[in-house]
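Visitor: Residue numbering for the sequence shown is 2 to 150, as defined by the working numbering. Note that the Cβ used here is the ideal one computed from N, Cα and C, for glycine as well. Just so we're clear, the structure is a prediction, and the values are computed from it rather than from any experiment.
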Amino acid sequence: MSTRFKQPESVLVLIHTPRNQVLLIERAAHPGYWQSVTGSREGEESLIETARREVEEETGLCFPASAFRDWHISNRFEIFAEWRERYAPGVTHNLEHVFSLCLPEPQTVTLAPGEHRAQCWLPWQEAARKCFSWSNQDAILMLPRRPRT
Numbered sequence: 002m003s004t005r006f007k008q009p010e011s012v013l014v015l016i017h018t019p020r021n022q023v024l025l026i027e028r029a030a031h032p033g034y035w036q037s038v039t040g041s042r043e044g045e046e047s048l049i050e051t052a053r054r055e056v057e058e059e060t061g062l063c064f065p066a067s068a069f070r071d072w073h074i075s076n077r078f079e080i081f082a083e084w085r086e087r088y089a090p091g092v093t094h095n096l097e098h099v100f101s102l103c104l105p106e107p108q109t110v111t112l113a114p115g116e117h118r119a120q121c122w123l124p125w126q127e128a129a130r131k132c133f134s135w136s137n138q139d140a141i142l143m144l145p146r147r148p149r150t
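1. Enumerated in chain order, which unbroken segments of the beta strand (DSSP E) with a length of 3 residues or greater are wholly contained in the region 66-101?
2. Would you report the Cα separation of Gly91 and Arg5, rounded to the nearest angstrom?
3. Alpha carbon to alpha carbon, what distance is there between Ser136 and Pro107?
4. Can you grab the Cα-Cα spacing for the pair Phe100 / Ile74, in whole Å?
5. Have a look at the DSSP bridge pairing and note the partners of Cys132.
6. To the nearest angstrom, how far is the alpha carbon of Ser3 from that of Arg87?
7. How far does the beta strand (DSSP E) with Arg147 in it extend, from its first residue to its last?
8. For Glu45, which three-state DSSP category applies?
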């Protein structure tokens, strides 16, 4: 029997507008856990492809890889104990890579059933305060200083 474990390498994708309104989605299994799009790399896909796939899976938004911006920022963090069974035995840390996707204006997205339960668009300061993840908070706080090209 083969067990497929998640790779301990993931993406964080900030979806935002030019006016720095940020999309947050609430985890279905953890009410009150608000975040940007996140997800683990699958197989040998590139990180930009992971970002594109995760945005499509979690929001229904479909954009080419060229629409995403790689921030060239990575965060290493300890995986919450309750989620470690998804990873190979002994894996305790994850390496997360930050990307963004800028939309012209806020829009309603189609959430992945069972994964997320609610969505909201907030000004960047409020969005940062609402996130449960320090790496997500940090990325949102950097948003106003990021180049748009």
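Guide: With the given structure in hand:
1. Fully enclosed beta strand (DSSP E) runs of 3 or longer: 69-79.
2. The residue labelled residue 91 in the question sits at position 90 within the sequence shown. The residue labelled residue 5 in the question sits at position 4 within the sequence shown. So the two alpha carbons sit approximately 15 Å from each other.
3. The sequence position of residue 107 within the sequence shown is 106, counting from 1. The sequence position of residue 136 within the sequence shown is 135, counting from 1. In a straight line, the C-alpha of Pro107 is about 23 Å away from that of Ser136.
4. Within the sequence shown, numbered from 1, the residue matching residue 100 stands at position 99. Within the sequence shown, numbered from 1, the residue matching residue 74 stands at position 73. Distance between the alpha carbons of Phe100 and Ile74: 8 Å.
5. Translated into the one-based positions of the sequence shown, residue 132 becomes position 131. For Cys132, DSSP records a beta bridge to Trp35.
6. On the sequence shown, residue 3 is found 2 positions in, with the first residue counted as 1. On the sequence shown, residue 87 is found 86 positions in, with the first residue counted as 1. Because Ser3 carries a pLDDT of 44, less than 50, the predicted location of this residue cannot be relied on, and no value is offered for it.
7. Here residue 147 refers to the residue found at position 146 of the sequence shown. Looking at the DSSP string, Arg147 is not in any beta strand (DSSP E), and its letter there is neither H nor E.
8. As a working note, residue 45 is residue 44 in the sequence shown. Three-state DSSP puts Glu45 in coil, outside helix and strand.
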